[in-house]
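Numbering (the UniProt record's numbering), first residue to last: 1 to 115.
Glycine is no exception: its CB is placed at the ideal position from the N, C-alpha and C atoms.
Quick caveat: nothing in here was measured; it's all calculated off a predicted structure.
Data block below; observations after.
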């Protein structure tokens with residue numbers, strides 16, 4: 001019996017660890033943006049002393065609805081790059097990742113004028 005409880009505990013522990021990487025994405029809506037300009041270099045450095053760049057760009061959900069996205073990055077992002085943004089109404093942008101053009105939904109491609 002103890003062995004079963006131990007095995008279940010280990011399984012739950014590893015499951016929590018593996019899904020923990022995506023906790024920022026829980027309860028968020030997905031938007032897509034295209035980097036069209038350099039980020040604004042913030043004067044204040046972050047807690048680690050790194051320079052931070054702020055972006056304010058229009059984002060579009062899979063249905064083409066627009067929302068202003070405001071987020072930061074630790075480097076100036078590559079122009080013309082596409083990002084998938086995880087947005088929460090309460091907390092704003094929680095995380096983002098770069099995606100390829102062919103990963104964009106059709107309505108988003110139309111709004112961003114990408115062929």
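Where residue 114 sits in the DSSP three-state scheme: coil
contact_flag[the segment 50 to 65, the segment 94 to 110] where n(CB pairs < 8 Å) is 3 or more: yes
Distance between residue 96 and residue 87 (C-alpha atoms, nearest Å): 9 Å
Bounding residues of the beta strand (DSSP E) (the contiguous stretch that carries residue 29): 29 to 34
CA nearest to the CA of residue 41, picked from 93, 72, 79 and 67: 72
Contacting residues, own chain, Cβ-Cβ under 6 Å from residue 57 (five flanking each side not counted): 33 and 69
Own chain, CB closer than 7 Å to residue 74, minus 5 neighbours either side, in chain order: 50 and 52
Which listed residue (31, 54, 67 and 10) has its alpha carbon closest to that of residue 43: 54
Pair within 8 Å by beta-carbon distance, residue 77 and residue 99: no
Residues that DSSP places opposite residue 52 in a beta bridge: The partner list for residue 52 (beta bridge, DSSP) is empty, contrary to what the question assumes.
N- and C-terminal bounds of the beta strand (DSSP E) containing residue 64: Careful: residue 64 lies outside any beta strand (DSSP E) and carries neither H nor E.
Residue 89 - DSSP class collapsed to helix/strand/coil: coil
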